[in-house]
Amino acid sequence: MSKKNITRRSFLRCAMGAAAVSCLPQTIYAGVRRSVVSVKDLSLHNLHTEEKIALSYFENGKYVTEALRDISYLLRDFRTDDVLAMDPRLIDLLYDLKGVLGTEQPFQIISGYRSPKTNASLHKKSKGVAKKSLHMQGKAIDLRIEGVDSKVIQAAAMSLGRGGVGYYPHSNFVHIDTGSVRSW
Numbered sequence: 048m049s050k051k052n053i054t055r056r057s058f059l060r061c062a063m064g065a066a067a068v069s070c071l072p073q074t075i076y077a078g079v080r081r082s083v084v085s086v087k088d089l090s091l092h093n094l095h096t097e098e099k100i101a102l103s104y105f106e107n108g109k110y111v112t113e114a115l116r117d118i119s120y121l122l123r124d125f126r127t128d129d130v131l132a133m134d135p136r137l138i139d140l141l142y143d144l145k146g147v148l149g150t151e152q153p154f155q156i157i158s159g160y161r162s163p164k165t166n167a168s169l170h171k172k173s174k175g176v177a178k179k180s181l182h183m184q185g186k187a188i189d190l191r192i193e194g195v196d197s198k199v200i201q202a203a204a205m206s207l208g209r210g211g212v213g214y215y216p217h218s219n220f221v222h223i224d225t226g227s228v229r230s231w
């Protein structure tokens, strides 16, 4: 059996690391702390349909099927009424974003799921719409929060280090997705 010696240098390195972590703002821990809770809830407001929901979508260690169905319906393509099951990782990303921001305000939804037909039409009108958008896979959402600057939302989303984050200041919204980590 080998004995590991703790040197003064290794002790100081560990102590400095612990001290640095303890100095981080409390909001950094929000996503971590919330990941062990037994209930996750969200409030959403679809700005195009004026539909609103406030519900728990995760309880006792598992997703609530009916709640995910309700969320997917609210996030449907409002132009065609097509519904696609939204990526649960995207819903969790919203929940963690809410925690980092420290808000209970509903997310105002500009765009959730987009059918290929809708996406193609929007892509023809704007270079800002990706031809192979993750919206078509239920893995992206465009949002804002009343009373919260979209630049603050962008910074909070980027701090999570998960998926893509797009900032659209002229339209006052932030895009988040569960694709690769990137920003624009």
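Heads up, the working numbering is the position in the sequence shown plus 47, with the first residue counted as 1. Beta carbons are placed, not taken as given, at the ideal position from N, Cα and C, and that holds for glycine.
Residue i, buried or exposed, once every other Cβ within 10 Å from all chains shown has been counted against 16
| i | result |
| --- | --- |
| Lys145 | buried |
| Asn219 | exposed |
| Asp224 | buried |
| Val212 | buried |
| Lys87 | buried |
| His182 | buried |
| Ala204 | buried |
| Asp196 | exposed |
| Lys172 | exposed |
C-alpha gap between residue i and residue j, whole angstroms
| i | j | result |
| --- | --- | --- |
| Tyr110 | Tyr104 | 6 Å |
| Lys233 | Ser206 | As shown, the chain starts at 48 and ends at 231. That puts residue 233 outside it, with no answer to give. |
| Leu102 | Ser180 | 27 Å |
| Ser227 | Glu98 | 30 Å |
| Asp117 | Ser90 | 12 Å |
| Thr150 | Gly210 | 21 Å |
Per DSSP, the bridge partner or partners of residue i
| i | result |
| --- | --- |
| Leu91 | Ile100, Phe154 |
| Ile192 | Val195 |
| Ala233 | Residue numbering for the chain in the displayed model covers 48 to 231; residue 233 lies beyond these limits and cannot be assessed. |
| Lys109 | Glu106 |
Closest Cα partner of residue i within the set the options
| i | options | result |
| --- | --- | --- |
| Gly108 | Asp129, Ser85, Ser162 | Ser85 |
| Val126 | Arg229, Thr96, Asp88 | The residue you asked about is not Val; residue 126 is Arg in the sequence shown. Out of Arg229, Thr96, Asp88, Thr96 has the C-alpha closest to the C-alpha of Arg126. |
| Ile200 | Met183, Gln184, Ser230 | Ser230 |
| Leu121 | Pro135, Asp139, Glu106, Ser158 | Ser158 |
| Arg191 | Lys178, Leu131, Ile156, Asp143 | Ile156 |
| Arg161 | Pro153, Leu140, Met133, Leu141 | Met133 |
Opening and closing residue of the alpha helix (DSSP H) in which residue i lies
| i | result |
| --- | --- |
| Val147 | 135-148 |
| Asn166 | 163-172 |
Residue interval of the beta strand (DSSP E) (run including residue i)
| i | result |
| --- | --- |
| Asp124 | Asp124 -> no beta strand (DSSP E), and no H or E assigned at all. |
| His222 | 220-224 |
| Tyr215 | 211-215 |
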